[in-house]
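In the UniProt record's numbering, the protein residues as written are 1 to 314.
Don't be surprised by glycine CBs; every beta carbon is placed ideally from N, CA and C.
Just so we're clear, the structure is a prediction, and the values are computed from it rather than from any experiment.
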């Protein structure tokens, strides 16, 4: 009995392949292992059963009577083990949390999209939402995150990009009754006040577009706040005399819910100003995926996000 305890799934798999292939070379090829490993395993089998099991012939190997008796039992054990291993793989995959990073403003949207995938399409997985930071691409490549949502991200090895859609509309935001809304809205009238900007680029060192435009037009500008958290940006605007520049149709509902704020769609003005810069590039949202992540889930999530952003842009 003690010798039987030395049997494992690999040893039994070698026995089954030797029995079926009648050749050490063929068994090694089928199992994708070396012939020497097959030979060592056969030696171990002979020691365990105290029997030759296979008789060497000029062309291959012939199972003996004991091997004939052992084969159906070993075949069943190997099949059951493989079934168990497959079940374990599925269970591990289902229990693995999918890690998605985005600005906090997008968490509700992502939550809704992932819920639609898990509930409506029967996909079984848990997920964790993280607040994105400037090192998100590094964390993607290192496997800390599976997916991220970013605006016009740079290309990077190990990361696949899925285009979601355009940013959409641009809004001028300030506390209710702010004098900026009492005159014609121009770049000059906006920049008379301190400006708070949504930092969609997640780069504190990168000059905001509005800064570049003001510099080119030689218009003084004071950026009082640059922040990626939309809630904190709007809180800041409620408490002071600064004006805010918000990019993204997706934030329209958020703005509508803030009764102490006013906002105005300045998409036409913004687009015209941006197009005057030599480095103008249309702002778009992208889903970024680690190359080792589930590409089917990436496509499903991209599709759901596109639907969401399309509806917001209408």
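query, result
"Would DSSP call residue 19 helix, strand or coil?", "helix"
"Rounded to the nearest angstrom, what separates residue 225 and residue 232 at their Cα positions?", "10 Å"
"Sort out for me which residues DSSP pairs residue 339 with in a bridge.", "Residue 339 falls outside the range modelled here, since the chain spans only 1 to 314, and no answer is possible."
"Between residue 42 and residue 112, what straight-line distance do the alpha-carbon atoms span, to the nearest angstrom?", "56 Å"
"Kindly list the residues whose CB is nearer than 7 Å to the CB of residue 304, restricted to its own chain and excluding five residues on each side of it in sequence; keep chain order.", "113, 116 and 117"
"What are the boundary residues of the beta strand (DSSP E) that residue 285 is part of?", "284–290"
"Give me the Cβ distance between residue 141 and residue 159, rounded to the nearest whole Å; I'm assuming they're in contact under 8 Å.", "7 Å"
"Tell me whether residue 215 is buried or exposed, calling it buried when 16 or more other Cβ atoms sit within 10 Å of its Cβ.", "exposed"
"Using 10 angstroms around the beta-carbon of residue 76, count the other beta-carbons present and answer buried if the total reaches 16, otherwise exposed.", "exposed"
"Using a Cβ-Cβ cut-off of 8 Å, state whether residue 35 counts as contacting chain B.", "Looking at the structure shown, chain B is missing, and only one protein chain is on hand."
"Can you tell me whether residue 249 is buried or exposed, with buried defined as 16 or more other CB within 10 angstroms of its CB?", "buried"
"Along the chain, where does the alpha helix (DSSP H) containing residue 161 start, and where does it finish?", "From DSSP, residue 161 is part of no alpha helix (DSSP H) but of the beta strand (DSSP E) over 159–166."
"Sort 210, 68 and 173 by Cα distance to residue 240 and report the nearest one.", "173"
"Buried or exposed, going by whether 16 or more other CB atoms sit within 10 Å of the CB of residue 155?", "exposed"
"Contact between the region 262–274 and the region 128–136 is defined here as three or more beta-carbon pairs at a separation below 8 Å; is this criterion met?", "no"
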